[in-house]
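Chemist:
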Amino acid sequence: MGSSSVITPEDVLESLMNDGTIDALRLKIINQLKANEELKNTTIKMAEQSKVLNTSGAEKQTKRELFDALRQELETPVLEMASKSVWELILDSNGLGKEISETVERVFCKLSGREPPLFPHSNDVVLLPGKAVGDEKRKGKEKDCENEKENSKSKSKKRSFNDMNAEGSATDITGKSSDTPAAPHDAN
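Read in order, the letters of the sequence shown are residues 1 to 188 in UniProt numbering.
Quick look at the structure:
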């Protein structure tokens, strides 16, 4: 199998930081944000409709005063839009998000002495008798694999949703659960 030491998420992150991968990914994200025309156009529209720039006397302010006031007005909404765009890039299962996942998996495998891929990614449509299982089910399975991968890398033991459901079924049978308080015997 692999080496006997446990590889933590911090170990993987440190390796990615040391070999320059984080910087390369950050640069790709920045370049994709810069190329995002919708983000640019929305930001320009927000600036054009800005209260700071459209109030009387704005033309008498210095560039620095205008910039500071404009920043105070628009910084939060623009950063929220940019943040949303970054998360869309990171979570994109076909583009940069896929590259990030594969890179993290490759580094984890290298550090742990395992052979990639840990979880084979099937891009083929699975054919069943009379049916083709399409993207929805495949994406669900990929999400399950990602969750399992995340759980296996974590130092703390996290239970998967399926494990919790299985435990929930067991507690239904026994009638005991540590998560729910016992019903009062006699409230009168």
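Idealized CB from N, CA, C, for every residue including glycine. Just so we're clear, the structure is a prediction, and the values are computed from it rather than from any experiment.
Just curious, the alpha helix (DSSP H) that R114 is in, first and last residue?
Modeler: For this step, residue 114 is matched to residue 114 along the sequence shown. Per DSSP, R114 belongs to no alpha helix (DSSP H) and is neither H nor E.
Chemist: Between which two residues does the alpha helix (DSSP H) harbouring I22 extend?
Modeler: As a working note, residue 22 is residue 22 in the sequence shown. From DSSP, the alpha helix (DSSP H) with I22 extends over 21-34.
Chemist: Less than 8 Å between the CB atoms is what I'm expecting for F108 and V12, so what's the real figure, rounded?
Modeler: Looking up residue 108 in the sequence shown gives position 108. Looking up residue 12 in the sequence shown gives position 12. Sure, about 5 Å apart at Cβ, within 8 Å.
Chemist: Measure the alpha-carbon distance for residue 204 versus K110 and round it to whole angstroms.
Modeler: No answer is possible for residue 204: it lies beyond the span of the chain, which begins at 1 and ends at 188.
Chemist: Could you check what DSSP says for N94 in three-state terms: helix, strand or coil?
Modeler: In the sequence shown, the residue the question calls residue 94 occupies position 94. In the structure shown, N94 sits in coil (DSSP, three-state: anything other than H, G, I, E or B).
Chemist: What whole-angstrom Cβ distance do L89 and L96 have, given they're in contact under 8 Å?
Modeler: Taking the first residue of the sequence shown as 1, we reach residue 89 at position 89. Taking the first residue of the sequence shown as 1, we reach residue 96 at position 96. Going by Cβ atoms, the distance from L89 to L96 rounds to 5 Å, so yes, they are a contact pair.
Chemist: Grouping DSSP H, G and I as helix and E and B as strand, with all else coil, what is Q72?
Modeler: Along the sequence shown, read from residue 1 onward, the residue named residue 72 stands at position 72. Q72: helix per DSSP, three-state reduction.
Chemist: Specify the secondary structure class of E102 as computed by DSSP and reduced to three states.
Modeler: Your numbering for residue 102 matches position 102 in the sequence shown. Of the three classes helix, strand and coil, the one that applies to E102 here is helix, per DSSP.
Chemist: Check whether the stretch 42-52 and the stretch 15-30 are in contact - that is, three or more C-beta pairs closer than 8 Å.
Modeler: Because the criterion of three Cβ pairs below 8 Å is not met, the stretch 42-52 and the stretch 15-30 do not touch.
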